[in-house]
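J.:
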Amino acid sequence: MAFKTLPTAAYWLVLPVLLALGNWQLNRADEKQQVLALQAQQANSAELALSASTQDDVQGLRYKKVRLRGHYDVAHQFLLDNQIHAGKAGYFVLTPFVLDDGSKAVLVNRGWLPLTANRSVLPALVFAAAPTAVAGRVNQFPSVGLKLAGAEQPGEGWPSLVQLADSAVLAKKLGYPLFSFQIELDPQAPDGYLRDWHTSTLMLPEQHRAYALQWFGLAFTLTVLFIVYRLKKTK
């Protein structure tokens, strides 16, 4: 009897999982579509002059084009570790930019650098000039797949190696307040490294919908097989 009921039990266990996976992919597609729409909207909006009085709202400002006036704190820079580009490991270079009135700063992501041959030796971070105006766009800091305990704590010395960018923690090391977001340096600006800022997340909405179709297709196939099985059992 147990053997006879096994296919039915398996069907009712597996079907909800397949449908849930399909719906999850559709929800992810909607989320990615909203991100793309926000990027397009912000790309066509007027440039914002970021100041210490600007509201610290990463969601409201995300992808907004901004211009900063002030100076880089070139003596105190961070290297965000474990950043992958084109299959290679490296760092994002986060340099504090102190705004004109001196009361607040923001971390400017100046781009990606590959790992050095000796991982214990950090790359030298240099400036050809010291710009007093910087252009870029607002974005949240890169996320990590698995957050380990203490990952947000920066290393000793400068440049300081960090596994996870937490502006509140980094501000303590710097000794002055930071905005909670980063500025991705304009790709045409000088004094930067490799800047291939993504216009979207890694997977486009169409890819999520294709995966959803696969999950729903498996659910449909499973249902057809189950119906055939039941018809044979009733004969």
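Taking the working numbering, I'd label the letters of the sequence shown as residues 123 to 357. We put the CB at the ideal spot given by N, CA and C, even for glycine. Here the structure is a predicted model, which means the values were calculated and not measured.
Looking at C-alpha atoms only, which residue of Leu221, Ala251 and Phe263 is the closest neighbour of Asn231?
T.: Phe263
J.: Distance, Cα to Cα, Pro253 vs His193?
T.: 7 Å
J.: On the DSSP bridge list, what partners appear for Pro309?
T.: DSSP lists no partner for Pro309.
J.: Give the range of the alpha helix (DSSP H) segment to which Pro327 is assigned.
T.: Where Pro327 is concerned, the enclosing alpha helix (DSSP H) stretches over Pro327 to Thr356.
J.: Which residues does DSSP list as the beta-bridge partners of Val260?
T.: Ile305
J.: Any chance you could list the alpha helix (DSSP H) runs of at least 4 consecutive residues sitting entirely within the region 176-245, in chain order?
T.: 180-183
J.: In whole angstroms, give me the CA-to-CA distance for Gly279 and Val228.
T.: 20 Å
J.: For a quick check, are the C-beta atoms of Gly258 and Val188 less than 8 Å apart?
T.: yes
J.: Whole angstroms are fine: how far does the CA of Leu135 sit from the CA of Ser242?
T.: 51 Å
J.: If you follow the alpha helix (DSSP H) that Leu247 is part of, which residue opens it and which one closes it?
T.: Segment: none, Leu247 is in no alpha helix (DSSP H) and carries neither H nor E.
J.: DSSP three-state call for Pro138: helix, strand or coil?
T.: helix
J.: What residues match up with Ser282 in a beta bridge as DSSP calls it?
T.: Phe200
J.: In whole angstroms, what is the alpha-carbon distance linking Leu160 and Phe303?
T.: 17 Å
J.: If we call anything under 8 Å between Cβ atoms a contact, is Ala334 one with Leu201?
T.: no
J.: Cα separation between Leu137 and His330?
T.: 19 Å
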